[in-house]
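J.: Structure incoming, see below.
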Amino acid sequence: MPNFGKYNLNKITKINNFKQYSVRLFLFILVVIGNYWTHFLFSHNLTGLIIVISISVLLFISDYLKKFKYLIFLLPLIYIIFSFNYKNTVFNLSPEEIYFINQRRAYFPNLSVGKIYENKLFRFSFNYQKNIFEGLDINYYFFGTHPRERVGITEIRKFPFVYLPFFIVGLFSLLKKQKFIYLLYFLSSIFLASFFRPIDIYSFLFFPFMAICIFNGFLYLDRKEL
224 MPNFGKYNLN KITKINNFKQ YSVRLFLFIL VVIGNYWTHF LFSHNLTGLI
274 IVISISVLLF ISDYLKKFKY LIFLLPLIYI IFSFNYKNTV FNLSPEEIYF
324 INQRRAYFPN LSVGKIYENK LFRFSFNYQK NIFEGLDINY YFFGTHPRER
374 VGITEIRKFP FVYLPFFIVG LFSLLKKQKF IYLLYFLSSI FLASFFRPID
424 IYSFLFFPFM AICIFNGFLY LDRKEL
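This is the structure:
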């Protein structure tokens, strides 16, 4: 005799799995579309929009990609290589910066250690470090120009500030589950993008990591657990 109980159980399981996947997909689309950053890219940088959505989707299904998920890291690298512009890198010092270096060096006597310290290499390092810390500043992703505004940069609103608690919860959840691929993607992207200034030129490469963290924070409402 057919086991109708087992059939009904399998049917219920499939329905529950479908509902769970539908909720996850809805939340993912809500995070990717429901922010200022996406709309800005849509009106100013269609290439960037395609890239962030592609990477976000790849990160979203990374659990199913297995070994191929590491191809995600190639996308920002390939884009940066093909759009490389030396004039916008930290290695291209402005006349003002060169003048500043020369003025500082004038205060040190000849053959002084100070002349070694105050040189172009130090300035490259300073600019790169400055970019990294700006990229790591959560303020620029959720609060725009307030409370800190960067000189010479027109800030754009990225994510609504109400997403911040979900980002924190989602980040904690990913780290607890040891899904370090998301964090590795963000770090590799920020180390690459920091070679350019202002860092906003490639800041959209950080979007997938932020979106995945916020998305996982929303999932917490459905699972009620980390």
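Note that the numbering used here has the sequence shown beginning at 224, numbered continuously upward.
By construction, the Cβ of each residue, glycine as well, lies at the ideal position given by its N, Cα and C atoms.
The structure presented is a predicted model; accordingly, all values stated were derived computationally and were not measured.
1. Could you compute how far the alpha carbon of PHE429 sits from the alpha carbon of SER317?
2. How many Å lie between PHE389 and ILE435 at the Cα?
3. Provide the residue(s) that pair with PHE249 in DSSP beta bridges, ordered along the chain.
4. Which partner residues of PHE419 appear in the DSSP bridge assignment?
5. Could you tell me the distance, in whole angstroms, from the CA atom of THR261 to the CA atom of LEU344?
6. Check whether the Cβ atoms of TYR351 and PHE418 lie closer than 8 Å to each other.
7. Run the CB neighbour count on PRO484, radius 10 Å, all protein chains shown included, and call it buried at 16 or more, exposed below.
8. Taking 8 Å as the threshold (C-beta atoms), are PHE441 and LEU250 in contact?
9. Count Cβ pairs between the stretch 353-362 and the stretch 408-422 that sit closer than 8 Å; are there 3 or more?
10. Report yes if the CB atom of LYS381 is closer than 8 Å to the CB atom of TYR259, and no otherwise.
11. Could you work out which residue in TYR244, ILE256, SER245, VAL246 is closest to MET433 when comparing CA atoms only?
12. Relative to the C-alpha of TYR443, which residue among ILE303, ILE273, PHE395 is closest?
13. Under a Cβ-count criterion, where at least 16 other Cβ atoms within 10 Å of its own Cβ denotes burial, should PRO383 be classed as buried or exposed?
14. Report the three-state DSSP secondary structure of ARG327 (helix, strand or coil).
15. Do VAL254 and PHE366 count as a contact pair if the criterion is CB distance below 8 Å?
16. Which residue wins for smallest C-alpha separation from PHE174, given the options TYR322, ASN315, LEU264, GLU319?
17. Skipping 5 residues on each side, what residues in its chain have a beta carbon closer than 7 Å to that of LEU264?
T.: On the basis of the coordinates in this document:
1. 27 Å
2. 10 Å
3. The partner list for PHE249 (beta bridge, DSSP) is empty, contrary to what the question assumes.
4. THR312
5. 36 Å
6. yes
7. The structure shown does not extend to residue 484, since the chain is modelled only from 224 to 449, so the question has no answer here.
8. yes
9. yes
10. yes
11. ILE256
12. PHE395
13. exposed
14. helix
15. no
16. Nothing in the structure corresponds to residue 174, since the chain is present only between 224 and 449.
17. GLY271, LEU272, VAL275, PHE427
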